[in-house]
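Straight run, no breaks: the sequence shown in our numbering ends on number 326. Just so you know, even glycine gets a beta-carbon here, dropped at the ideal spot from N, CA and C. Notes follow once the structure below has been shown.
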Amino acid sequence: MQSLAVPDLINLCAPGRRRALRHWRLAALVAAVCLVLCAGWQLARPVIVDQLAAAFPPALEIQLGQDMLRQLDLQALKPSELSETHRARIGAAFNSLQAPHEGAPRHRLLFRSSQLGAAAFTLPSGDIILTDSLVLALPDDGAVLAVLAHELGHQQQHHMLRRLAQEAMLPAAAGVVLGDTSWLVSSMAARAPHLDWPQQTEIEADKYAADLLEHNGLSLRLLSEVQEALSGATGMAGAERAYLSIHPPCAERLAQQRERSAL
């Protein structure tokens with residue numbers, strides 16, 4: 064048997080090495096392209112979400128919220144068990160608030176009982192859902208007004224619509240193009256009460272709430288007291304945990320609230 068010299072063996076292996084090297088280079092190129100595309104998508108996504116939200120006609124936004132409310136009433140919400148007197152007192156106090164210079168967005172206060180626990184959230188229609196558990200978990204009506212003022216801030220900035228568009232971009236786009244929000248409702252209605260808010264979104268809602276409270280001569284301490292009362296509760300119950308999981312009391316929010324209330 065004729066043996067091959069070392070140079071001959073190297074030459075035989077060279078094509079395989081070149082193919083492997085080409086494959087590795089191609090894989091690296093594909094990975095680099097994917098990274099660039101992902102980075103570009105992450106940068107472009109907030110802009111697309113804002114454009115989608117801005118493209119929603121007001122009538123379609125109202126329809127979306129009303130359809131979501133019907134779905135939630137069927138699946139997760141029940142009539143409030145608070146006394147009519149209690150609900151009327153909170154409603155009258157809330158409706159008596161005069162809007163600050165930014166004006167008040169459309170809104171309607173609705174009381175509901177739910178296994179969601181302590182929750183307050185605003186639908187795109189302007190319907191503010193306030194659960195019995197949250198009302199009972201707060202120390203007084205002033206704290207409830209602070210929560211409602213915060214929810215008005217979310218509505219003022221169309222935060223829920225933007226959040227829905229972020230979570231379900233294709234259904235949101237279909238709603239704008241086709242004028243039909245049924246796909247968005249079916250995919251997001253049940254999740255809406257559980258959507259947590261980014262820190263910047265919470266700060267924006269706090270700012271409107273502070274303007275509203277200040278304009279009506281109410282203490283700005285109410286905002287920080289809500290967070291402090293719920294997060295500082297000993298042996299925090301499920302009701303408090305539910306609210307704080309959606310509206311996290313970050314240190315920056317509390318610091319801004321305390322600083323403004325001290326002015």
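Residue 140 is not a Cβ neighbour of residue 169, given a cutoff of 9 Å.
Counting only residues of its own chain and dropping the five nearest sequence neighbours on each side, residue 277 has a CB closer than 7 Å to the CB of 283. Where residue 157 is concerned, the enclosing alpha helix (DSSP H) starts and stops at 147-158.
Comparing alpha carbon positions, the residue from 153, 121, 268 closest to residue 207 is 153.
Residue 176 carries a strand assignment under DSSP once its states are collapsed to helix, strand and coil. DSSP places residue 121 inside the alpha helix (DSSP H), whose first and last residues are 121-138.
Membership of residue 190 in the beta strand (DSSP E) is indicated by the continuous run 190-194. The beta carbon of residue 242 sits closer than 7 Å to those of 123, all from its chain and outside the five residues before and after it, given in chain order.
When secondary structure is reduced to three states using DSSP, residue 202 falls in the coil class, being assigned neither helix nor strand.
Between residue 186 and residue 228, the C-beta gap is not smaller than 9 Å, which leaves the two residues out of contact. Counting the other Cβ atoms within 10 Å of the Cβ of residue 155 gives fewer than 16, which makes it exposed.
Looking at the DSSP output, residue 171 shares a beta bridge with 190.
Where residue 185 is concerned, the enclosing beta strand (DSSP E) starts and stops at 183-185. DSSP places residue 258 in no alpha helix (DSSP H); its state is neither H nor E. When the beta-carbon positions are compared, residue 127 and residue 238 come within less than 9 Å of each other.
Assignment of alpha helix (DSSP H) within the region 210-236, counting only whole runs of 4 or more residues, yields 222-230 in chain order. For residue 163, the three-state secondary structure derived from DSSP is coil.
Per DSSP, residue 274 is one residue of the alpha helix (DSSP H) stretching across 262-278.
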